[in-house]
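Mapping of the sequence shown onto the working numbering: residues 4 to 135, in sequence order. All C-beta atoms in this analysis are idealised placements derived from N, C-alpha and C, irrespective of residue type, glycine included.
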Amino acid sequence: MPVRKIVSTRVIFKRVRAVFIVTTLSLIGFKACDSVDESQARLVLRNQSESTVNFMQVKVNDRTFEMENILPGQEQMWKFKPTNTNLFAVNGKLAAGIPIHASSLGSLASPNNKEHHLTIQENGQIAYSSPK
4 MPVRKIVSTR VIFKRVRAVF IVTTLSLIGF KACDSVDESQ ARLVLRNQSE STVNFMQVKV
64 NDRTFEMENI LPGQEQMWKF KPTNTNLFAV NGKLAAGIPI HASSLGSLAS PNNKEHHLTI
124 QENGQIAYSS PK
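In structure tokens:
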């Protein structure tokens, strides 16, 4: 014999309120995640030379990113907060003893660009590109 259970309006109200609270918190969390991504830009460093990079230091605005032993074809990505003028200063050394020289790449990118690519070439030169 089936048992019928009567659900009171108070229980229904509590369940609806709980669903509303969970939905609101989820939407607030999604908006917070989106705002963090919009305010940050990415710096992608790619070694296109045939030599391993012994040491690499990239300074973007006030932040300094360092990495050692970057293999040929390897990419490294960092996030930073962009400003109106993004200044890049790069130094390092290839395994063959060739210095990586780009004292300042200047403000080559507008603040609207969210992705910046620095490519290390065979002769130690740095090439800049911004695909977006």
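Check: Please name the residue, chosen from Thr55, Val47, Met70 and Val6, that lies closest to Asn126 on a Cα-to-Cα basis.; Outcome: Thr55
Check: If Arg49 and Glu69 are in contact, beta carbons under 8 Å, what's the gap, nearest whole angstrom?; Outcome: About 16 Å; that fails the 8 Å criterion.
Check: Are the beta-carbon atoms belonging to Leu90 and Ile123 less than 9 Å from one another?; Outcome: no
Check: Which residues share a DSSP beta bridge with Gln60?; Outcome: Glu69 and Asn94
Check: Helix, strand or coil for Phe16? Go by DSSP, reduced to three states.; Outcome: helix
Check: Alpha carbon to alpha carbon, what distance is there between Lys62 and Ala92?; Outcome: 5 Å
Check: From which residue to which residue does the beta strand (DSSP E) around Gln79 run?; Outcome: Glu78 to Phe83
Check: By the three-class DSSP mapping on this structure, what secondary structure does Thr26 have?; Outcome: helix
Check: Measure from the alpha carbon of Glu53 to the alpha carbon of each residue in Ala44, Lys34, Arg45 and Leu74, then state which is nearest.; Outcome: Leu74
Check: Cα separation between Phe58 and Ser133?; Outcome: 23 Å
Check: Between Arg13, Arg45, Gln128 and Lys34, which has its C-alpha nearest Met80's C-alpha?; Outcome: Arg45
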